[in-house]
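K.L.:
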Amino acid sequence: MNAKDTNRAVGGESGTDTRPAHPANLSMLEKRRIEAEILKHVYDVLKERGDMALAQDTIRESVRRSSIEQAGRFAAQTAGGTSLDSFVEATKLWEKEDALRIRVKERTETTYVFDVERCRYAEMYKEMGLGEIGHLLSCQRDATFCQGYDSRLKFTRSQTIMQGASHCDFRYDFLSDAEKTQADD
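Take the sequence shown: its letters are residues 1 to 185, numbered as in full-length UniProt numbering.
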């Protein structure tokens, strides 16, 4: 799905979603805290009903859908269309308020590789008693955001702080249309 297709999928019948991709006066860390406060209760209710798998699957799928929709809004509101440069610019929002401390390892026209050395999202979810699903609330967004933003953007990661590693290792590759077609085959 490219940015135009995502916009139609997100925007419904009219094909346009006029909501801002992200409120200007709210950090992403604070937005995730607000979302987690609500989802914590959904998770707790489902766990109380004795179905841990359903509770985790519900959170996983809800956050996945939200991430794809939000990414679609970012893509639709990106002047000139999506690219790795526009994506990297959007990721600065994730870092505000020292939410992520990163070390960039490689940055080219088609590749963005970095390590997250400190993750306040992980710290926040643990403080909220949500460490067991922090990866569902936050980490899974890294891959699903790519789906909604631009299908040419590919993400890989082998470890996360949330799940006990010393750092998160991020790699984003922006494929050409030809590479994308080959990858889809």
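The C-beta atom is built at its ideal place from N, Cα and C for all residues, glycine as well.
Determine contact between the stretch 113-130 and the stretch 162-178, defined as no fewer than three beta-carbon pairs at a distance below 8 Å.
P.N.:
The stretch 113-130 is in contact with the stretch 162-178.
K.L.:
Kindly indicate which three-state DSSP category D115 falls into: helix, strand or coil?
P.N.:
Strand, per DSSP.
K.L.:
My understanding is that V63 touches L136, with C-beta atoms under 8 Å, so please give their C-beta distance in whole angstroms.
P.N.:
V63 to L136, Cβ: 6 Å. Contact.
K.L.:
Locate the beta strand (DSSP E) running through C168, then write down its first and last residues.
P.N.:
Where C168 is concerned, the enclosing beta strand (DSSP E) stretches over 168-174.
K.L.:
On the three-state DSSP scale, how would you describe E109?
P.N.:
Coil.
K.L.:
Tell me which residues share the same chain as S158 and place their Cβ nearer than 8 Å to its Cβ, disregarding the 5 neighbours each side in the sequence.
P.N.:
If we look at S158 and ignore the five residues flanking it on each side, its Cβ neighbours are D169.
K.L.:
What are the residues that DSSP puts in a beta bridge with residue 192?
P.N.:
Nothing can be reported for residue 192: it is not among the residues displayed for the chain, which extend from 1 to 185.
K.L.:
Under 7 Å: does the beta carbon of T160 sit that close to some heavy atom of the ligand SAM?
P.N.:
Ligands are entirely absent from the displayed structure, and the ligand SAM is therefore not among its contents.
K.L.:
Assuming contact is defined by CB atoms lying nearer than 8 Å, are A76 and S27 in contact in what I supplied?
P.N.:
Taking 8 Å as the Cβ cut-off, A76 and S27 do not qualify as a contacting pair.
K.L.:
What distance in whole Å lies between the Cβ atoms of D173 and T111, which are believed to be in contact at a cut-off of 8 Å?
P.N.:
About 6 Å separates the two Cβ atoms, so the contact holds.
K.L.:
By how many angstroms is the C-alpha of K154 removed from the C-alpha of T108?
P.N.:
Looking at the two C-alpha atoms, the distance is approximately 14 Å.
K.L.:
Could you tell me which residues DSSP puts in a beta bridge with R101?
P.N.:
DSSP, once it has assigned bridges, lists R118 as partnering R101.
K.L.:
Let's see if you can read the secondary structure: which residues bound the alpha helix (DSSP H) around K31?
P.N.:
Where K31 is concerned, the enclosing alpha helix (DSSP H) stretches over 28-48.
K.L.:
Residue range of the alpha helix (DSSP H) that K92 falls in?
P.N.:
Unbroken alpha helix (DSSP H) run through K92: 84-95.
K.L.:
Excluding five sequence neighbours on each side, which residues of the same chain lie with their C-beta closer than 7 Å to the C-beta of I161?
P.N.:
Result list for I161: V116, C119, A122, H167, C168, in chain order.
K.L.:
Look at the alpha carbon of A36 and the alpha carbon of Y125, and state the distance between them as a whole number of angstroms.
P.N.:
About 8 Å.
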